[in-house]
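Notes follow the structure.
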Amino acid sequence: MPKASLDPARERLTLAMARVANGDRAALREVYRLTSAKLFGVCLRISQDREAAEDILQDVYLKVWNRAGRFDAERASPITWLCVIARNTAIDWRRSAGPAMLGQEAAAAIADDGASAPELIEADQDRARIYQCLAALEPRQSSAIRAAFFDGLTYSQLAEIMKVPLGTMKSWVRRGLMQLKGCLGDG
29 MPKASLDPAR ERLTLAMARV ANGDRAALRE VYRLTSAKLF GVCLRISQDR EAAEDILQDV
89 YLKVWNRAGR FDAERASPIT WLCVIARNTA IDWRRSAGPA MLGQEAAAAI ADDGASAPEL
149 IEADQDRARI YQCLAALEPR QSSAIRAAFF DGLTYSQLAE IMKVPLGTMK SWVRRGLMQL
209 KGCLGDG
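So that you can map any letter, position 27 of the sequence shown is 55 in the working numbering, and since no number is skipped, the others follow by simple counting.
Shown next as structure tokens:
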């Protein structure tokens, strides 16, 4: 069973994937409901053909049904794993479509400037580590740092919202960032 996740959507998808691995058809419907829009976008971007993207997407979920037991929540998020399957399936479709499909437009579609699967997995792991380290901070520090860096609030705005002096807010953020640096440096 995967470690507790800070993201409820990721946790729900991870649990559904585990149920799919056990042959639960309702879980596959849930995985489809949660991910089909994103995966269709991946298929469409690579295939450049709506009808083909629909066919590719069907192949993707057949692969998910057959390979769900291989998914490891410790190595990747479920959406990253699913996107890799969709991307690879769409690229395979492109290649099998033959030279007629491989004009300049098609070559541009295959030449994916996006991150590779290992890069996506590493970025996902880094993101999870940051959230774990933020959760380990004192709640006031974590809240202030999240608001400053994720919401773009200034020290003054934070001090006003949290009803503390400006100097106190700066100290909370500074100490919190030092603790984050230590936490992130440990991994």
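Cβ coordinates follow ideal geometry from the N, Cα and C atoms, glycine included.
Note that the structure is a prediction, hence the values are computed from the model and not measured.
- About 15 Å separates the CB atoms of V70 and V59; that is not less than 8 Å, and the two are not in contact.
- For L208, the CB contacts under 6 Å within the same chain, skipping 5 residues up- and downstream, are C161 in chain order.
- Taking the CA atoms as reference points, G213 sits about 38 Å from N50.
- By the Cβ criterion, the stretch 114 to 125 is not in contact with the stretch 152 to 170, since fewer than three pairs of Cβ atoms, one from each stretch, lie closer than 8 Å.
- Under the DSSP assignment, K191 falls outside any alpha helix (DSSP H); it carries neither an H nor an E label.
- Contact annotation: the stretch 193 to 203 touches the stretch 165 to 176, with at least three C-beta pairs closer than 8 Å.
- Rounded to whole angstroms, the separation of the alpha carbons of R203 and M190 is 17 Å.
- I113 is a Cβ neighbour of V88, given a cutoff of 7 Å.
- In this structure, A96 keeps its C-beta atom at 7 Å or more from the C-beta atom of T42.
- For G69, the uninterrupted alpha helix (DSSP H) segment begins and ends at R53 to S75.
- Boundaries of the alpha helix (DSSP H) around S170: P167 to F178.
- Taking A187 as the centre and dropping the five residues before and after it, the same chain places the C-beta of L194 and M197 closer than 6 Å to its C-beta, in chain order.
- By the neighbour-count criterion, in which 16 or more other beta carbons inside 10 Å mark a residue as buried, L90 falls on the exposed side.
- If you ignore the 5 residues before and after V201, its C-beta comes within less than 8 Å of the C-beta of Q169, A172, I173, A176, Y183 and L186, all in its own chain and listed in chain order.
- Judged by their CB atoms, A81 and L67 are not nearer to each other than the 7 Å cut-off.
- For S144, there is no enclosing alpha helix (DSSP H), since its DSSP letter is neither H nor E.
- Its Cα nearest to that of A55, the residue M45 stands out among M45, S105 and A145.
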